[in-house]
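*Asks:* First, the structure itself, so that you have it in front of you.
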Amino acid sequence: MSVTLVRPYLAIFAARFLMMLQYRAAALAGIATQFWFGAIMIMALSAFYASGRGSASITLAEAITYTWLGQAFLGLLPWNVDPEIAVMMRTGNVAYERLRPVDTYFYWFARAMAWRAAATLVRSMPLLIMTSAVFELAGLGDWSLRPPPSFEALALFVLSMVAVVLLSSAITTLLNISVVWTISGQGINVITNSLVIILSGMVIPLPLFPDWAQRALFVQPFAGLVDIPNRIYFANLSGGEALAGIALQIAWTLALMALGHLLMTHTMRRIQVQGG
Amino acid sequence: MPQIAVQDLFKTYRLAERQRGLVGAARGLLSRTHRYIEALKGVSFSLDRGELVGMIGPNGAGKSTLIKILCGILEPSSGRCEIDGRVPWNERIHHVARIGVVFGQRTQLWWDLPVIDSFELLRDIYRVPEAKFRPTAETLISLLRIEQLLHQPVRQLSLGQRMRCDIAAAMLHSPSILFLDEPTIGLDANSKLALRDFIKRLNRDKGVTVILATHDMQDIEALAERVLIIGNGRILRDGPIAAMRAETSGERRLVVDFSEDIGDIAIEGATVLSRTGRRVEFAFDPGVTAAHALISRLTADHGIEDLSIEEPTIEELIASFYTSHGAVEA
Chain A
1 MSVTLVRPYL
11 AIFAARFLMM
21 LQYRAAALAG
31 IATQFWFGAI
41 MIMALSAFYA
51 SGRGSASITL
61 AEAITYTWLG
71 QAFLGLLPWN
81 VDPEIAVMMR
91 TGNVAYERLR
101 PVDTYFYWFA
111 RAMAWRAAAT
121 LVRSMPLLIM
131 TSAVFELAGL
141 GDWSLRPPPS
151 FEALALFVLS
161 MVAVVLLSSA
171 ITTLLNISVV
181 WTISGQGINV
191 ITNSLVIILS
201 GMVIPLPLFP
211 DWAQRALFVQ
221 PFAGLVDIPN
231 RIYFANLSGG
241 EALAGIALQI
251 AWTLALMALG
261 HLLMTHTMRR
271 IQVQGG
Chain B
277 MPQIAVQDLF
287 KTYRLAERQR
297 GLVGAARGLL
307 SRTHRYIEAL
317 KGVSFSLDRG
327 ELVGMIGPNG
337 AGKSTLIKIL
347 CGILEPSSGR
357 CEIDGRVPWN
367 ERIHHVARIG
377 VVFGQRTQLW
387 WDLPVIDSFE
397 LLRDIYRVPE
407 AKFRPTAETL
417 ISLLRIEQLL
427 HQPVRQLSLG
437 QRMRCDIAAA
447 MLHSPSILFL
457 DEPTIGLDAN
467 SKLALRDFIK
477 RLNRDKGVTV
487 ILATHDMQDI
497 EALAERVLII
507 GNGRILRDGP
517 IAAMRAETSG
527 ERRLVVDFSE
537 DIGDIAIEGA
547 TVLSRTGRRV
557 EFAFDPGVTA
567 AHALISRLTA
577 DHGIEDLSIE
587 EPTIEELIAS
597 FYTSHGAVEA
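Chains A and B, in that order, are what the protein sequence lines are. Each residue of the first sequence is one higher than the last, beginning at 1 in this note's numbering. Each residue of the second sequence is one higher than the last, beginning at 277 in this note's numbering.
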């Protein structure tokens, strides 16, 4: 692939990324919220672990690490439509999107990726430092985010997080395309919101669901957003299992990208730019 | 060979209809009724390289639909269109790289970015080499006098300033065709003049083909030698504006200020258009009744303070043209 070919997509990625970094107040508010949510979820988890009978498939310490990682990377969760695209659709400015000499799907994909990645970059670092190092120093070690058990686990986790960015962008782009039909993105937001949050493992870590559901939960696309990387992090998934998890993430990403590309072509053929 | 060749373009939109009230809304969930709107009903024309053509027509006539088809972002229901040998909607990416488009009601600049950042983003999106971009941008910036605006975010610009930047943005990749959809809408007199001047130079000096859709007849008179009048999805007239003026300027107005109050007044050969106090406005056809005959009839019976004869303005001309061709939407 030559540089000229991807130049427009890199440009829109960089522009959106830099623009997103300007929203400092939103980032600060996000950090506070996620910190608060994480704390409440951890308290609920410890209550379950203290009173529950039988053995859980992950330890409380692992569940806590799982929760903090989830909160730190919450910005990557594809739970809503890009408000910029929703506005564009309502005002008819989408016409200009079609006037660009680019493949609109990849153009929107780059835009979605910048949006998710920038939002996460600003929020994740403070939260990660806070819940690991600061907690440890403050004597809250039991509640803290633990380091990964091995370098291998860390390396696989980083790889898996790269896949999360791509998978999340693919799902976000699908949501954005759906706005072409619905005009307002709000209905879609309501549906995907709960679906994504529960099935990714954000509310309850997926390993804590009943055993009979485990296989189905593992292969559904949303596990690749939170559950797979987080379990790789503390080596609950390691070696071949970890690689299988990453392969699953990539497979879902490619499948959803193919679907998105198909839908984009189909929708844009029948789009009716309103007014004017 | 013409640069743009359009033949028998049809475009039908399918719209879902909403029923009234709660029952209607519930029914709509089960079955939708659709309404079909024929936006274009067989449009044909051709355009040579370097032409500057005006396109006018009432709201809903199909102008925007036609422009969107020519730009490649809308596919017609049937018909043929070739621009520089390309079928716009089939070769969209290839096509849009070689045209410039300005929709006066929208902006293609990034709202929160300084103008120059938007320009550089467009440079990358259109894959313009830096060596080519720099001189083009410099020329556009000085011609449109936007040096002072380059570092302001777009949201802080006035409409006139924004429109000048938008036009520059549309020309950064040196397209050979420029589509302008109501570029002067809402602009003050100075901005309009500056914009017209720029469009004229672009067309004359650079040989850019310009298609200008507008409601502003002054735009048309100042710029376009050839005009397409569109109504009800058809091209009603294709030709120079002067010819149309000659054809439709039958009716004249006679405005009379009487010296005393008069009651109902009827004069042979003229119809009363309006009355305000002692002023009465008549309409007459000079081909049927000569102006001097009309005036002598009036002065015979009434005292007159002042009178004037007016030719219809170009707006009135067009309005009467639309009405007589049934071009105005219901």
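The C-beta atom is built at its ideal place from N, Cα and C for all residues, glycine as well. Since the structure is predicted, the reported quantities are computational estimates derived from the model, not experimental observations.
Could you tell me how far apart the beta carbons of A:N230 and A:L69 are, in whole angstroms, since I believe they sit closer than 8 Å?
*Replies:* Against the first sequence, residue 230 of chain A aligns to sequence position 230. Against the first sequence, residue 69 of chain A aligns to sequence position 69. 5 Å between Cβ atoms; contact.
*Asks:* Return helix, strand or coil for A:F17, following the three-state DSSP convention.
*Replies:* Within the first sequence, residue 17 of chain A is the residue found at index 17, counting from 1. DSSP places A:F17 in helix when its eight states are reduced to three.
*Asks:* Quick check on DSSP: helix, strand or coil for B:G239?
*Replies:* No answer is possible for residue 239 of chain B: the residues shown for chain B start at 277 and end at 606.
*Asks:* Taking buried to mean at least 16 other C-beta atoms within 10 Å of its own C-beta, is A:W212 buried or exposed?
*Replies:* Against the first sequence, residue 212 of chain A aligns to sequence position 212. A:W212 comes out exposed.
*Asks:* Specify the secondary structure class of A:E136 as computed by DSSP and reduced to three states.
*Replies:* What you label residue 136 of chain A is simply residue 136 of the first sequence in a count that begins at 1. A:E136 falls in the helix class under three-state DSSP.
*Asks:* Nearest to B:P411 by alpha carbon, out of B:A444, B:I375 and B:Q381?
*Replies:* Here residue 411 of chain B corresponds to residue number 135 of the second sequence, with the count starting at 1. It is B:A444.
*Asks:* My understanding is that A:P101 touches B:A446, with C-beta atoms under 8 Å, so please give their C-beta distance in whole angstroms.
*Replies:* In the first sequence, residue 101 of chain A corresponds to position 101, counting from 1. In the second sequence, residue 446 of chain B corresponds to position 170, counting from 1. That pair is no contact at about 13 Å.
*Asks:* Should B:I580 and B:S535 be called a contact, given that it needs their Cβ atoms to be closer than 8 Å?
*Replies:* In the second sequence, residue 580 of chain B corresponds to position 304, counting from 1. In the second sequence, residue 535 of chain B corresponds to position 259, counting from 1. Taking 8 Å as the Cβ cut-off, B:I580 and B:S535 qualify as a contacting pair.
*Asks:* Return the CA-CA distance between B:I517 and B:F558, expressed in angstroms with no decimal places.
*Replies:* Sequence index remark: in the second sequence, residue 517 of chain B carries index 241 (1-based). Sequence index remark: in the second sequence, residue 558 of chain B carries index 282 (1-based). About 26 Å.
*Asks:* With distances taken Cα to Cα, identify the nearest neighbour of A:F234 among A:T4, A:I58 and A:R98.
*Replies:* Within the first sequence, numbered from 1, the residue matching residue 234 of chain A stands at position 234. Nearest of A:T4, A:I58 and A:R98 to A:F234, Cα basis: A:I58.
*Asks:* Helix, strand or coil: how does DSSP classify B:V556 here?
*Replies:* Working through the second sequence from its first residue, we reach residue 556 of chain B at position 280. Note: B:V556 maps to strand in three-state DSSP.
*Asks:* Skipping 5 residues on each side, what residues in its chain have a beta carbon closer than 7 Å to that of B:G462?
*Replies:* As a position in the second sequence, residue 462 of chain B is number 186, starting the count at 1. Taken in chain order, the residues that qualify are L435.
*Asks:* Buried or exposed, going by whether 16 or more other CB atoms sit within 10 Å of the CB of A:R116?
*Replies:* Position 116 of the first sequence, counted from the start, is the residue given in the question as residue 116 of chain A. Answer is buried; the Cβ neighbour count reaches 16.
*Asks:* Quick one: residues in its chain with C-beta nearer than 7 Å to the C-beta of A:S178, no 5 flanking neighbours on either side, listed in chain order?
*Replies:* Reading the first sequence from its first residue, position 178 is the one you call residue 178 of chain A. Answer for A:S178: I188, listed in chain order.
*Asks:* Three-state secondary structure (DSSP) at A:G275?
*Replies:* Taking the first residue of the first sequence as 1, we reach residue 275 of chain A at position 275. Reliability fails at A:G275, whose pLDDT of 44 lies under 50, so the model's placement of it is uncertain and no value is given.
*Asks:* State the DSSP-derived secondary structure class of B:Q283, mapped to helix, strand or coil.
*Replies:* Counted from its first residue, the second sequence places residue 283 of chain B at position 7. Of the three classes helix, strand and coil, the one that applies to B:Q283 here is strand, per DSSP.
*Asks:* Let me see if you follow: with CB-CB separation under 8 Å, is B:K611 close to chain A or not?
*Replies:* Examination of residue 611 of chain B is not possible in this model, given that chain B is present from 277 through 606 alone.
*Asks:* Fully enclosed by the region 489-514 of chain B, which alpha helix (DSSP H) runs are 4 residues long or longer?
*Replies:* Those alpha helix (DSSP H) runs which fall completely within the region 489-514 of chain B and span 4+ residues are 493-499.
*Asks:* Name the two residues that bound the continuous beta strand (DSSP E) containing B:Y312.
*Replies:* Translated into the one-based positions of the second sequence, residue 312 of chain B becomes position 36. Segment T309 to L323, the beta strand (DSSP E) holding B:Y312.
*Asks:* Since I believe B:L530 is in contact with B:T546 (beta carbons under 8 Å), could you give me their beta-carbon distance rounded to a whole number of angstroms?
*Replies:* Mapped onto the second sequence, residue 546 of chain B falls at position 270. Mapped onto the second sequence, residue 530 of chain B falls at position 254. What sits at residue 546 of chain B in the sequence shown is Ala, not Thr. The Cβ separation is near 7 Å, so the contact holds.
*Asks:* Within 8 Å, do at least three Cβ pairs link the region 312-330 of chain B to the region 277-288 of chain B?
*Replies:* As far as the Cβ criterion goes, the region 277-288 of chain B touches the region 312-330 of chain B, which means the pair count is three or higher.
*Asks:* Using alpha carbons as the reference points, say which of A:Q220, A:G240 and A:A119 lies closest to A:L28.
*Replies:* What you label residue 28 of chain A is simply residue 28 of the first sequence in a count that begins at 1. Looking at the Cα atoms, A:A119 is the closest of the given residues.
*Asks:* In the DSSP assignment, the alpha helix (DSSP H) including A:G187 goes from what residue to what residue?
*Replies:* On the first sequence, residue 187 of chain A is found 187 positions in, with the first residue counted as 1. Taken as a continuous stretch (DSSP letters only), the alpha helix (DSSP H) holding A:G187 covers Q186 to S200.
*Asks:* In angstroms, rounded to a whole number, what distance separates the CA positions of A:V158 and B:D284?
*Replies:* Your numbering for residue 158 of chain A matches position 158 in the first sequence. Your numbering for residue 284 of chain B matches position 8 in the second sequence. Rounded to the nearest angstrom, the two C-alpha atoms are 58 Å apart.
*Asks:* Spell out a yes or no on whether the region 468-487 of chain B and the region 416-428 of chain B are touching, meaning 3 or more CB-CB pairs, one atom from each, closer than 8 Å.
*Replies:* The region 468-487 of chain B vs the region 416-428 of chain B: in contact.
*Asks:* Given that A:G92 touches chain B, what residues does it touch there, using C-beta distances under 9 Å?
*Replies:* Stepping through the first sequence from its first residue, residue 92 of chain A is reached at position 92. The contacting residues are F379, Q381 and R382.
*Asks:* Exposed or buried, what is A:G275 when buried is set at 16 or more other beta-carbons lying within 10 Å of its beta-carbon?
*Replies:* Within the first sequence, numbered from 1, the residue matching residue 275 of chain A stands at position 275. Here A:G275 scores only 44 on pLDDT, less than 50, and its place in the model is too uncertain to base an answer on.
*Asks:* Whose C-beta lies closer than 7 Å to the C-beta of A:M264 among residues of the same chain, with five residues either side of it excluded?
*Replies:* For this step, residue 264 of chain A is matched to residue 264 along the first sequence. Hits under 7 Å: T104, Y105 and I177.
*Asks:* Under 8 Å, do B:Q428 and B:P390 count as touching if we go by C-beta distance?
*Replies:* By one-based count along the second sequence, residue 428 of chain B stands at place 152. By one-based count along the second sequence, residue 390 of chain B stands at place 114. For B:Q428 and B:P390, yes; Cβs fall inside 8 Å.
*Asks:* Among B:E367, B:V430 and B:L499, which has the Cα closest to the Cα of B:M331?
*Replies:* Stepping through the second sequence from its first residue, residue 331 of chain B is reached at position 55. The candidate whose alpha carbon is nearest that of B:M331 is B:L499.
*Asks:* Just to confirm, is the Cβ distance from B:C347 to B:V377 under 8 Å?
*Replies:* Here the question's residue 347 of chain B lines up with position 71 in the second sequence. Here the question's residue 377 of chain B lines up with position 101 in the second sequence. Yes, these two residues count as a Cβ contact at 8 Å.
*Asks:* Would you say B:I453 and B:T490 are within 8 Å of each other, going by their C-beta atoms?
*Replies:* Counting from 1 along the second sequence, the entry for residue 453 of chain B is found at position 177. Counting from 1 along the second sequence, the entry for residue 490 of chain B is found at position 214. Their beta carbons are not under 8 Å apart, which means B:I453 does not touch B:T490 by this criterion.
*Asks:* Can you find the residues in the same chain that come closer than 7 Å, C-beta to C-beta, to A:S144, ignoring five residues on each side of it along the sequence?
*Replies:* Taking the first residue of the first sequence as 1, we reach residue 144 of chain A at position 144. Taken in chain order, the residues that qualify are T131, S132, F135 and E136.
*Asks:* Take the Cβ of A:F151 as the centre, count every other Cβ of all protein chains shown within 10 Å, and call the residue buried at 16 or more, exposed below.
*Replies:* Along the first sequence, one-based indexing puts residue 151 of chain A at 151. Classification of A:F151: exposed, given that the 10 Å Cβ count is below 16.
*Asks:* From the DSSP output, read off the bridge partner residues of B:T575.
*Replies:* For the purposes of this step, residue 575 of chain B is identified with residue 299 of the second sequence, where counting begins at 1. In DSSP, B:T575 forms no bridge with anything.
*Asks:* Counting C-beta neighbours from all protein chains within 10 Å, is the total for B:G333 16 or more, i.e. buried, or is it exposed?
*Replies:* Taking the first residue of the second sequence as 1, we reach residue 333 of chain B at position 57. Buried, because 16 or more other Cβ atoms sit within 10 Å of the Cβ of B:G333.
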